[in-house]
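K.L.:
Numbering (our numbering), first residue to last: 20 to 608.
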């Protein structure tokens, strides 16, 4: 993959170092094997236009990735844009590509021209030729228009590819650490505390943690017909306290809203304002006791009436239920479910993500997780096909589910099964169980295409490190879940429960994208995702580096990676002791 050096953009008139739309990538790489006369320059108004029949076919878009890079001013948000050359006879007429990025807010743009010649339709690895424009500095929340076409340009206007992308805001975890987001308070956690003191007048002391880029704050409390606010300056302090004193006669309602308004250097008065509900009912004065007692008696009466009505309409069926072993807060499970996880060993960091997900599902969701890495003893006895077939049969005769985690390796191995070049990954060669994905797909795809089996299979992918294109085509007819954004919906799917029911919306505390990492297993999962995402940004060719191309190389990897039977047994026993001690609930044979 070719990356554009920053040096060639110094030729563009008016481009300044502090401009928001610029290129950071300073790694000149125009030595992709198989290219001839490769050069990268800024665009020129002088272009060769050919008739449609003499011009090459158009390119096709690949993925774009958003992240954070470092420049001389600190971390900045960037986007990497990738495209591919169609593998047809048009490569003989191809002389390069031209891509431009337009900021629709300021109407500023950058344009890059790639000049090269290709001898063959596919690159030396028998994949489509891929090019990328990396390190384009962008601003959160803005929309950019991408334009791309191959050279020489044909004489028809609709030949150009155009795509509009919107950069996420600073709340997105991928760019939270950018300097402009930090100056907007993207990582600020005020950690608000309150202290109450009751006397002739009521006293509330509000404490919170000051932010790095905000020197002053406005703290306010308000209720029905009551509002009070105070300004406070940081003055090199890390913890700030504000006191409010008032009489009970000023309040008509005992619940109040506490709000802290920061003034960050960028967002000024339009910054995010943390809020907290303060309940003063337990401190309320005697004049409200009569009202509370009346309301309480009325509520008890309504509750008793409901119980009597339900008793008179109760179905004579036995409704007793056993207590579940472990259930998430706010949702009662009828039975403990078991989930078989199918995945590809793309990379050691991705394997760590899968293991952390298993731990999270076992400890937080109360599900039994079946994973090949954690059942190596039985897998070694039965063999991969028999082990998979056994678990598939158990799933067919129960309410258990099969979760398929899609990734780059899943996409590549599916294409290999359809006649493409065989794929062997470095981690498969090092693993004691080998490649479990290919036999799993061979067994499960014929079973899946039967409509009666749809509900047994769940498709998901981690959108921070994977994409929807990684899902094999046969599974496009079912729902694909983005993790961890849609983990709550995936959990309800496992439980065969609808999130939205007539008159109510089910919710599980701690399963949303902003909450799952607050428990130890969820925090470990987020750390694993961030580690692999950072590795992908630093190594855009990471997947190609994991491919083993020759049988000799594969044999060498197996010789170097596979331990002897004593080491394997010791490793499995150690894992079993650790899992038993931690009580994560992962399924073991």
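Every residue, glycine too, gets a C-beta built ideally from N, C-alpha and C.
(1) Taking the alpha-carbon positions, what's the residue 165 to residue 126 distance?
(2) Given residue 295, which residues of its chain have a CB within under 6 Å of its CB, disregarding the five upstream and five downstream residues?
(3) DSSP three-state call for residue 58: helix, strand or coil?
(4) Does the region 542-557 touch the region 395-414, meaning 3 or more C-beta pairs lie closer than 8 Å?
(5) What's the gap between the Cα of residue 39 and the Cα of residue 181?
(6) Any chance the region 117-136 sits against the region 69-76, with 3 or more Cβ pairs inside 8 Å?
(7) Could you pull out every residue in the same chain whose Cβ sits closer than 6 Å to the Cβ of residue 284, ignoring the five residues on either side in sequence?
(8) Check this for me: beta carbons of residue 377 and residue 360, under 9 Å apart or not?
(9) Tell me the rounded alpha-carbon separation between residue 242 and residue 300.
(10) Please report the residue range of the beta strand (DSSP E) in which residue 235 lies.
(11) Would you check if the distance between the CB atom of residue 421 and the CB atom of residue 476 is smaller than 9 Å?
(12) Tell me, which residues are paired with residue 656 by DSSP?
(13) Residue range of the alpha helix (DSSP H) that residue 194 falls in?
(14) Out of 261, 370, 42 and 380, point me to the one whose CA is closest to residue 391's CA.
(15) Along the chain, where does the alpha helix (DSSP H) that runs through residue 433 open and close?
(16) Where DSSP assigns a beta bridge to residue 226, which residues make up the other side?
(17) Which word fits residue 204, buried or exposed, when buried means at least 16 other C-beta atoms lie within 10 angstroms of its C-beta?
(18) Determine the DSSP secondary structure at residue 39, reduced to helix, strand or coil.
(19) In three-state DSSP terms, what is residue 219?
(20) Evaluate the contact criterion for the region 83-103 versus the region 134-145: three or more CB pairs, one atom per stretch, below 8 Å.
(21) Only counting the same chain, and skipping five residues up and downstream in sequence, which positions put a Cβ closer than 6 Å to that of residue 262?
(22) So for residue 336, helix, strand or coil by DSSP?
(23) Per the contact definition of three or more C-beta pairs closer than 8 Å, is the region 526-539 in contact with the region 494-510?
(24) Let me check understanding here. Comparing Cα to Cα, which of 463, 214 and 399 lies closest to residue 415?
(25) Just to check my reading of the structure: residue 147 and residue 106 have Cβ atoms closer than 8 Å, yes? What is that Cβ distance to the nearest angstrom?
(26) Report the start-end ranges of each beta strand (DSSP E) in the region 355-382 that is 3 residues or longer and not cut off at the edges.
(27) Taking just the CA atoms, how far does residue 143 sit from residue 617?
(28) Do you know offhand how far residue 189's Cα is from residue 356's?
(29) By Cβ distance below 8 Å, which residues in the same chain neighbour residue 517 in space, the five residues on each side in sequence not counted?
(30) Whole alpha helix (DSSP H) runs in the region 510-560 with 4 or more residues, listed along the chain?
(31) Could you give the residue range of the alpha helix (DSSP H) that holds residue 409?
(32) Could you give the first and the last residue of the continuous beta strand (DSSP E) run that contains residue 449?
(33) Where does residue 321 sit, in a helix, a strand or coil, going by DSSP?
(34) Under a three-way DSSP split, which group does residue 620 fall into?
(35) Could you give the distance in angstroms between the alpha-carbon of residue 41 and the alpha-carbon of residue 124?
(36) Can you find a heavy atom of the ligand PLP that lies under 8 Å from the Cβ of residue 480?
P.N.:
Taking the structure as given:
(1) Sequence index remark: in the chain shown, residue 165 carries index 146 (1-based). Sequence index remark: in the chain shown, residue 126 carries index 107 (1-based). Distance from the CA atom of residue 165 to the CA atom of residue 126, rounded to whole angstroms, is 13 Å.
(2) Residue mapping note: residue 295 aligns to position 276 of the chain shown, counting from 1. Counting only Cβ-Cβ distances below 6 Å, and skipping sequence neighbours, we find 211 and 277.
(3) Mapped onto the chain shown, residue 58 falls at position 39. Residue state, collapsed to three classes: strand.
(4) Counting C-beta pairs closer than 8 Å gives fewer than three between the region 395-414 and the region 542-557, which falls short of the contact rule.
(5) By one-based count along the chain shown, residue 39 stands at place 20. By one-based count along the chain shown, residue 181 stands at place 162. If I take the Cα positions, the gap works out to 21 Å.
(6) Contact annotation: the region 117-136 does not touch the region 69-76, with fewer than three C-beta pairs closer than 8 Å.
(7) The residue given as residue 284 occupies position 265 in the chain shown. Taken in chain order, the residues that qualify are 202 and 232.
(8) For the purposes of this step, residue 377 is taken as residue 358 along the chain shown, with counting starting at 1. For the purposes of this step, residue 360 is taken as residue 341 along the chain shown, with counting starting at 1. Taking the C-beta atoms as reference points, residue 360 is found nearer than 9 Å to residue 377.
(9) Locating residue 242 in the chain shown gives position 223, where the first residue counts as 1. Locating residue 300 in the chain shown gives position 281, where the first residue counts as 1. Residue 242 and residue 300: Cα-Cα distance of roughly 13 Å.
(10) For the purposes of this step, residue 235 is taken as the residue at position 216 of the chain shown. First-last of the beta strand (DSSP E) with residue 235: 233-242.
(11) Position 402 of the chain shown, counted from the first residue, corresponds to residue 421. Position 457 of the chain shown, counted from the first residue, corresponds to residue 476. A distance below 9 Å separates the beta carbons of residue 421 and residue 476.
(12) Here the chain covers residues 20 to 608 and nothing more, so residue 656 does not appear.
(13) Against the chain shown, residue 194 aligns to sequence position 175. Unbroken run through residue 194: none, as it is neither H nor E.
(14) Mapped onto the chain shown, residue 391 falls at position 372. Closest by C-alpha distance to residue 391, out of 261, 370, 42 and 380, is 370.
(15) As a working mapping, residue 433 is identified with position 414 in the chain shown. Boundaries of the alpha helix (DSSP H) around residue 433: 427-436.
(16) Here the question's residue 226 lines up with position 207 in the chain shown. In the DSSP output, where bridge partners are listed per residue, residue 226 has 212 and 260.
(17) Reading the chain shown from its first residue, position 185 is the one you call residue 204. Buried, since its Cβ has 16 or more Cβ neighbours within 10 Å.
(18) Against the chain shown, residue 39 aligns to sequence position 20. When secondary structure is reduced to three states using DSSP, residue 39 falls in the coil class, being assigned neither helix nor strand.
(19) Translated into the one-based positions of the chain shown, residue 219 becomes position 200. The three-state secondary structure of residue 219, taken from DSSP, is coil.
(20) Per the Cβ contact rule, the region 83-103 is not in contact with the region 134-145 (fewer than 3 Cβ pairs under 8 Å).
(21) The residue given as residue 262 occupies position 243 in the chain shown. Counting only Cβ-Cβ distances below 6 Å, and skipping sequence neighbours, we find 224.
(22) Here residue 336 refers to the residue found at position 317 when the chain shown is read from its first residue. Its pLDDT being 30, under 50, residue 336 is placed unreliably by the model, and nothing is read from it.
(23) Touching, yes, given that three or more Cβ pairs across the two stretches are closer than 8 Å.
(24) Position 396 of the chain shown, counted from the first residue, corresponds to residue 415. Cα-wise, what sits closest to residue 415 is 463.
(25) Working through the chain shown from its first residue, we reach residue 147 at position 128. Working through the chain shown from its first residue, we reach residue 106 at position 87. Their Cβ separation, rounded to whole angstroms, is 5 Å, which keeps residue 147 and residue 106 in contact under 8 Å.
(26) Correct list: 357-361.
(27) Any question about residue 617 goes unanswered here, given that the chain covers just 20 to 608.
(28) On the chain shown, position 170 is the one that residue 189 refers to. On the chain shown, position 337 is the one that residue 356 refers to. The C-alpha of residue 356 is placed about 37 Å away from the C-alpha of residue 189.
(29) Your numbering for residue 517 matches position 498 in the chain shown. Only residues of its own chain outside the window of five on either side were considered, and among them 511 and 525 have a CB closer than 8 Å to the CB of residue 517, listed in chain order.
(30) For the region 510-560, whole alpha helix (DSSP H) runs of length 4 or above, ordered along the chain, are 539-557.
(31) As a position in the chain shown, residue 409 is number 390, starting the count at 1. Taken as a continuous stretch (DSSP letters only), the alpha helix (DSSP H) holding residue 409 covers 403-415.
(32) Here residue 449 is taken as the residue at index 430 of the chain shown, counted from 1. That residue, residue 449, is in no beta strand (DSSP E); its alpha helix (DSSP H) goes 445-449.
(33) The residue given as residue 321 occupies position 302 in the chain shown. Of the three classes helix, strand and coil, the one that applies to residue 321 here is helix, per DSSP.
(34) Because the chain spans 20 through 608 in this model, residue 620 falls outside it and cannot be assessed.
(35) Taking the first residue of the chain shown as 1, we reach residue 41 at position 22. Taking the first residue of the chain shown as 1, we reach residue 124 at position 105. Straight-line Cα distance between these residues: approximately 15 Å.
(36) No copy of the ligand PLP occurs in the structure displayed, which carries no ligand at all.
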